[in-house]
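Participant:
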Amino acid sequence: MAEVIVPRVEGTLKVGAGRRIVVDPVTRIEGHMRCEVNVDKDNIIRNAVSTGTMWRGLEVILKGRDPRDAWAFVERICGVCTGCHALTSVRAVEDALGIKIPKNAHLIREMMAKTLQVHDHAVHFYHLHALDWVDVVSALKADPKKTSELQQLVSPAHPLSSPGYFRDIQNRLKKFVESGQLGPFMNGYWGNKAYVLPPEANLMAVTHYLEALDLQKEWVKIHTIFGGKNPHPNYLVGGVPCAINLDRDGAAGAPINMERLNFVKARIDEIIEFNKNVYIPDVLAIGTIYKQAGWLYGGGLSATNVSDYGEYPKVNYDKSTDQLPGGVILNGNWDEILPIDPRDPEQVQEFVTHSWYQYADETKGLHPWDGVTEPNYQLGAKTKGSRTKIEQIDEGAKYSWIKSPRWRGNAVEVGPLSRYILAYAHARRGNKFAQRPKEQLEYSAQMINSAIPKALGLPETNYTLKQMLPTTIGRTLARCLEGQYCGEMMLDDFHELVANVKAGDRATANVEKWDPSTWPKEAKGVGTVAAPRGMLGHWVRIKDGRIENYQCVVPTTWNGSPRDHKGQIGAFEASLMNTPLAKADQPLEILRTIHSFDPCLACSTHVMSPDGAELAQVTVR
1383 MAEVIVPRVE GTLKVGAGRR IVVDPVTRIE GHMRCEVNVD KDNIIRNAVS
1433 TGTMWRGLEV ILKGRDPRDA WAFVERICGV CTGCHALTSV RAVEDALGIK
1483 IPKNAHLIRE MMAKTLQVHD HAVHFYHLHA LDWVDVVSAL KADPKKTSEL
1533 QQLVSPAHPL SSPGYFRDIQ NRLKKFVESG QLGPFMNGYW GNKAYVLPPE
1583 ANLMAVTHYL EALDLQKEWV KIHTIFGGKN PHPNYLVGGV PCAINLDRDG
1633 AAGAPINMER LNFVKARIDE IIEFNKNVYI PDVLAIGTIY KQAGWLYGGG
1683 LSATNVSDYG EYPKVNYDKS TDQLPGGVIL NGNWDEILPI DPRDPEQVQE
1733 FVTHSWYQYA DETKGLHPWD GVTEPNYQLG AKTKGSRTKI EQIDEGAKYS
1783 WIKSPRWRGN AVEVGPLSRY ILAYAHARRG NKFAQRPKEQ LEYSAQMINS
1833 AIPKALGLPE TNYTLKQMLP TTIGRTLARC LEGQYCGEMM LDDFHELVAN
1883 VKAGDRATAN VEKWDPSTWP KEAKGVGTVA APRGMLGHWV RIKDGRIENY
1933 QCVVPTTWNG SPRDHKGQIG AFEASLMNTP LAKADQPLEI LRTIHSFDPC
1983 LACSTHVMSP DGAELAQVTV R
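The following block contains the structure:
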């Protein structure tokens, strides 16, 4: 088992000691990130520094604007988590103005949010993360017949499983490799000893990579139906911007009719089938093989501190019915769940001691309602390089464009893994709305410990969930289980929407307070969402009908935060500690663990050269 990491740098390798490995930028993520680690003589990471290298200034841009427009601006924070910022924004404004949305609007928003979740998770695994586990070139050595047998072993219900099918995919891949034009598979660390899957498993995973490419473009059409477009669908303060008319197909001005609802139902069915027959079996099989190889690193803060606001209520505005209940767990005590309140100024606070921002007093954190976004780009005295070309960061000074959010002063990990640890803890305490995640986790443990090892002729194990989940494998598993769960919840939402509409309710918006003349002179609100990467909060202050202050505390700010005034490190940095590297100049293990968080930094373009090659640079000093 990987060593449990305490969330501090204290007691680790002295800063600057050992060899320094610099990865800049970390690719296959959204936005810009730099990672530096120190390794000892055995190539084990003893110090880690993660740096957000781009400033996000939307909070400043929003000041003075109409709060009803805020969603359209903040939605552009990200081009991957489609709509979650918009949803958080309209919730914050509605909270400030005391607006309650109709039931239909709630259910449509839920389906849009869950579509985002299942799409984002599948795309993340297959197209951004799978290649950290899967050696594409090794797939050329696979026996298609044995790959077919493996497919039928781990997922007998999947129809695309014949030897001929896998042989065709292998031949396509061979042409890629022989042409020297690997496209998305270019610049991988193929052949690295950190890859442990047999060729047949690699071929199966590459095949599903291509299947997911085809399917994901269909799933997002749900956003197009309810929100007009993707990746940035339309939202509305007070509800959703789509009318319902089931009486006549194609009724003017009514995008929601039975034909389109049937289309949505078909996409939901596809999502459920893919997750059941492909995504989950793949992750369980890959996780089992890596676990058998002893690769249980990357837990970091998830072994100690996790947090989420809670999401997906069965009854809107009733947090006690959340199907992924929120809270905070500290010090790895799954028997105690602390309540979380995004309104409490003593709970969520952002610090900037090591961030390129400035506060009047940087020893104190600020609650987002009182947040300040004032850039202060200063490099520490021990920084190597220049302001425009940093060679080595000085982590003793300011070193990141990411702030350091803390819950009651504690660094916490957020994301699907945190949500599933919390859901499991809630379910064990009898919460009836969280039983399905508990079932999923117990099934996964049984498959990884017993069923899959038996089928593959490997020794059985008896890892507990508390041992298995706080790892890079566990973080990847929780994401795919959440995708499955969201697909199932979407089906419930769909049936509830159809029943409600058939009962005569066609309302999709509450516009009673649309006119700013109906608003109070001053108001403040908060909106929260279970974004694909973790708990997301937007805080807004409104004065004289305009935005006075706006702050977004996003999941990657929680996870990618630099050290705070106490020296506590963030989840990214903690997750890398004590991880061994097979090859220092091919730090696959760093990418594997960082990618397991699905980081999203400031939503910027990926860094590419004119000929399309990624410009990632690994430096070992």
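Each residue of the sequence shown is one higher than the last, beginning at 1383 in the working numbering.
Using N, Cα and C, we set each Cβ at its ideal position, and we do this for glycine too.
These numbers come from a predicted model, not from an experiment.
1. Strictly by DSSP, which residues pair up with Trp-1901?
2. With DSSP as the reference, label Glu-1385 as helix, strand or coil.
3. For the beta strand (DSSP E) that Met-1917 lies in, which residues bound it at each end?
4. Which residue or residues does DSSP assign as beta-bridge partners of Ile-1426?
5. What's the C-alpha gap between Pro-1707 and Ala-1827?
6. Use the C-beta contact count for Glu-1582: other C-beta atoms within 10 angstroms, 16 or more gives buried, fewer gives exposed.
7. Does the contact criterion of 3 or more C-beta pairs under 8 angstroms hold for the stretch 1874-1884 versus the stretch 1895-1912?
8. Taking 6 angstroms as the limit between beta carbons, can you name the residues of its chain near Lys-1575, skipping five residues before and five after?
9. Report the rounded CA-to-CA distance for Asn-1844 versus Ile-1653, giving the unit in angstroms.
10. Between Glu-1824, Tyr-1591, Leu-1712, which has its C-alpha nearest Leu-1863's C-alpha?
11. Is the stretch 1474-1488 touching the stretch 1604-1620 in the sense that three or more CB pairs, one from each, lie closer than 8 angstroms?
12. Apart from the five residues on each side of it in sequence, which residues of its chain come closer than 7 angstroms, Cβ to Cβ, to Met-1586?
13. Is the stretch 1974-1985 touching the stretch 1710-1718, taking contact as three or more C-beta pairs under 8 angstroms?
14. Quick one, which of Asp-1776, Gly-1865, Lys-1836 has its alpha-carbon nearest Lys-1764's?
15. Where in the stretch 1640-1676 do unbroken runs of the alpha helix (DSSP H), each at least 4 residues long, occur, reported from the N-terminal end onward?
16. Taking 7 angstroms as the cut-off, decide whether the C-beta atoms of Val-1794 and Asn-1687 are in contact.
17. Check Glu-1732 in the structure and name its three-state DSSP category.
18. From the DSSP output, in three-state form, read off Asp-1596 for me.
19. Can you tell me the Cα-Cα spacing of Asp-1946 and Val-1734, whole angstroms?
20. Going by alpha carbons, who is nearest to Glu-1894 out of Ile-1483, Pro-1944, His-1501, Asn-1931?
21. Where does the unbroken alpha helix (DSSP H) through Ser-1689 begin, and where does it stop?
22. With distances taken Cα to Cα, identify the nearest neighbour of Tyr-1932 among His-1414, Val-1419, Glu-1441, Arg-1416.
23. Just to check my reading of the structure: Tyr-1508 and Ala-1452 have Cβ atoms closer than 8 angstroms, yes? What is that Cβ distance to the nearest angstrom?
24. Secondary structure at Cys-1417, three-state DSSP: helix, strand or coil?
25. Mapping DSSP to helix, strand and coil, what is Tyr-1932?
26. If you drop the 5 nearest sequence neighbours on each side, which residues of the same chain put their C-beta closer than 7 angstroms to that of Tyr-1571?
27. Opposite Gly-1909 in the DSSP bridges: which residues?
28. Grouping DSSP H, G and I as helix and E and B as strand, with all else coil, what is Lys-1948?
29. I'd like to check one pair, Phe-1656 with Leu-1597: are the Cβ atoms closer than 7 angstroms?
30. Does DSSP put Val-1453 in a helix, in a strand, or in coil?
31. Between Val-1796 and Ser-1689, which are expected to be in contact by the criterion C-beta below 8 angstroms, what is the C-beta distance as a whole number of angstroms?
32. When the Cα atoms are used, what is the spatial distance from Asp-1723 to Val-1935?
33. State the beta-bridge partners of Ser-1782 as determined by DSSP.
34. Nearest to Pro-1914 by alpha carbon, out of Glu-1693, Val-1431, Val-1456?
35. DSSP three-state call for Ser-1832: helix, strand or coil?
36. To test your reading of the DSSP string, which unbroken alpha helix (DSSP H) runs of 4 or more residues are found completely within the stretch 1528-1616?
Facilitator: Taking the structure as given:
1. Trp-1901 is not bridged to any residue.
2. A caution first: Glu-1385 carries a pLDDT of 26, below 50, which makes its placement in the model unreliable, though a value can still be read off. DSSP places Glu-1385 in coil when its eight states are reduced to three.
3. 1916-1925
4. According to DSSP, which records beta bridges pairwise, Ile-1426 is partnered with Pro-1962.
5. 21 angstroms
6. With 16 or more Cβ atoms within 10 Å of its Cβ, Glu-1582 is classed as buried.
7. no
8. Ala-1964
9. 31 angstroms
10. Glu-1824
11. yes
12. Thr-1529, Leu-1532, Gln-1533
13. no
14. Asp-1776
15. 1640-1656, 1662-1674
16. yes
17. strand
18. helix
19. Rounded to the nearest angstrom, the two C-alpha atoms are 7 angstroms apart.
20. Ile-1483
21. Segment 1688-1690 is the beta strand (DSSP E) holding Ser-1689; no alpha helix (DSSP H) there.
22. Ranking His-1414, Val-1419, Glu-1441, Arg-1416 by Cα distance to Tyr-1932 puts Glu-1441 first.
23. The Cβ separation is near 33 angstroms, so there is no contact.
24. Three-state DSSP puts Cys-1417 in a strand.
25. strand
26. Gln-1968, Leu-1970
27. In the DSSP assignment, the residues bridged to Gly-1909 are His-1920.
28. In the three-state scheme derived from DSSP, where H, G and I count as helix and E and B as strand, Lys-1948 is classed as coil.
29. yes
30. Note that residue 1453 is Trp in the sequence shown, not Val. Trp-1453 falls in the helix class under three-state DSSP.
31. In this structure Val-1796 is in contact with Ser-1689, their Cβ atoms being roughly 6 angstroms apart against a cut-off of 8 angstroms.
32. 14 angstroms
33. Ser-1737
34. Glu-1693
35. Here Ser-1832 carries a helix assignment [DSSP, helix/strand/coil].
36. 1545-1561, 1581-1601, 1603-1609
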